[in-house]
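Here the structure is laid out as structure tokens; the discussion comes afterwards.
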Amino acid sequence: HAERLAALGQMVAGVSHEIRNPLGIIRSTAELLGGMPDSTDVQKKLSSVITEESSRLNNIVTEFLDFARPQEPNFQECYLEEIINKNLQFLSPELDKENISVYDNLDGRPLKLRADPQLLYRAFLNIFMNAIQAMENGGSMTVDVAEKKDHYVVIIEDTGCGIRQENLSKIFDPFFSTKDNGTGLGISIVRNIIEGHKGSVWIESKVGDTPGQYGTGTKVFIKLPKG
Numbered sequence: 570h571a572e573r574l575a576a577l578g579q580m581v582a583g584v585s586h587e588i589r590n591p592l593g594i595i596r597s598t599a600e601l602l603g604g605m606p607d608s609t610d611v612q613k614k615l616s617s618v619i620t621e622e623s624s625r626l627n628n629i630v631t632e633f634l635d636f637a638r639p640q641e642p643n644f645q646e647c648y649l650e651e652i653i654n655k656n657l658q659f660l661s662p663e664l665d666k667e668n669i670s671v672y673d674n675l676d677g678r679p680l681k682l683r684a685d686p687q688l689l690y691r692a693f694l695n696i697f698m699n700a701i702q703a704m705e706n707g708g709s710m711t712v713d714v715a716e717k718k719d720h721y722v723v724i725i726e727d728t729g730c731g732i733r734q735e736n737l738s739k740i741f742d743p744f745f746s747t748k749d750n751g752t753g754l755g756i757s758i759v760r761n762i763i764e765g766h767k768g769s770v771w772i773e774s775k776v777g778d779t780p781g782q783y784g785t786g787t788k789v790f791i792k793l794p795k796g
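Residues 570 to 796 (the working numbering) are what the sequence shown spells out, left to right.
The following block contains the structure:
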């Protein structure tokens with residue numbers, strides 16, 4: 570019982586960290602908006618992003634506190650490329666700020682599936698934010714989607730600092746983090762969401778040969794059934 574209370578305390582304390590990722594982007598977007606006084610259409614678009622993500626942030630906090638009982642997906646017909654593009658569009662100010670280039674093979678292809686678009690958006694947001702945080706000196710991120718007969722495989726690759734091999738086996742463990750201020754729940758939340766869709770997620774990574782040297786970075790694989 571004491572251990573459960575301690576874990577709950579850690580989880581509640583970690584809410585503040587989970588908030589920081591989207592909150593940082595909200596701030597960046599607001600700053601960008603403030604710097605474009607003559608671009609009325611752009612201001613409206615960015616204001617819409619701020620409003621939408623503030624609402625999403627409130628949902629994240631609610632789900633975070635209920636981490637031990639993951640939310641059941643609300644399955645509906647949606648499009649994978651729209652979910653990914655919405656993430657990249659939202660992250661555009663942060664990517665520009667961090668000098669990160671993005672390459673993808675989406676090309677407007679309709680990638681239809683039955684899924685919960687809100688939960689998948691959140692899963693991809695966590696993965697993209699981890700990639701951005703791993704590239705402190707800039708870099709590139711590649712998003713590749715392979716369509717199979719009954720499923721999709723999304724591969725998100727960054728040129729960041731990489732994850733050490735001894736940490737890869739623990740990367741999905743709740744509360745495990747290689748960051749000083751991390752709660753270690755982001756990737757656990759990703760796994761819960763993807764597995765809730767009867768999919769799977771796995772990670773390959775390599776660090777540089779010497780401390781501080783950038784290696785080949787990290788690849789995150791997400792397999793999602795179409796139906």
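For glycine and all other residues, C-beta sits at the position ideal for the given N, C-alpha and C.
Q) Where DSSP assigns a beta bridge to residue 773, which residues make up the other side? A) 788
Q) CA-CA distance, residue 759 and residue 614? A) 28 Å
Q: Out of 641, 666, 623 and 622, state which residue places its alpha-carbon closest to the alpha-carbon of residue 842.
A: Because the chain here runs from 570 to 796, residue 842 falls outside it and cannot be looked at.
Q. What number of angstroms, rounded off, separates the C-alpha of residue 652 from the C-alpha of residue 572?
A. 38 Å
Q) What distance in whole Å lies between the Cβ atoms of residue 728 and residue 708, which are believed to be in contact at a cut-off of 8 Å? A) About 4 Å separates the two Cβ atoms, so the contact holds.
Q: Can you check DSSP and say which residues form a bridge with residue 722?
A: 715 and 792
Q: Measure the Cβ-Cβ separation of residue 598 and residue 618 and say whether it is below 8 Å.
A: yes
Q) Taking all protein chains shown into account, do 16 or more other C-beta atoms lie within 10 angstroms of the C-beta of residue 780, making it buried, or fewer, making it exposed? A) Any reading at residue 780 must be qualified, since the residue scores a pLDDT of 42, below 50, and its modelled position is unreliable; the value itself is stated next. Burial call: exposed.
Q: Check the DSSP bridge columns for residue 647 and list the partner residues they point to.
A: 682
Q) Does the Cβ of residue 715 have 16 or more other Cβ atoms within 10 Å, making it buried, or fewer, making it exposed? A) exposed
(Q) Suppose you measure from the CA of residue 785 to the CA of residue 669; what does that come to, to the nearest Å? (A) 15 Å
(Q) On the CB-based measure, 16 or more other CB atoms within 10 Å of its CB, does residue 685 come out buried or exposed? (A) By the Cβ neighbour-count rule, residue 685 is buried, with 16 or more other Cβ atoms within 10 Å of its own.
Q. If we ignore side chains and look at the alpha-carbon of each, how far apart do residue 726 and residue 711 end up?
A. 5 Å
Q.
Just to check my reading of the structure: residue 767 and residue 794 have Cβ atoms closer than 8 Å, yes? What is that Cβ distance to the nearest angstrom?
A. 5 Å
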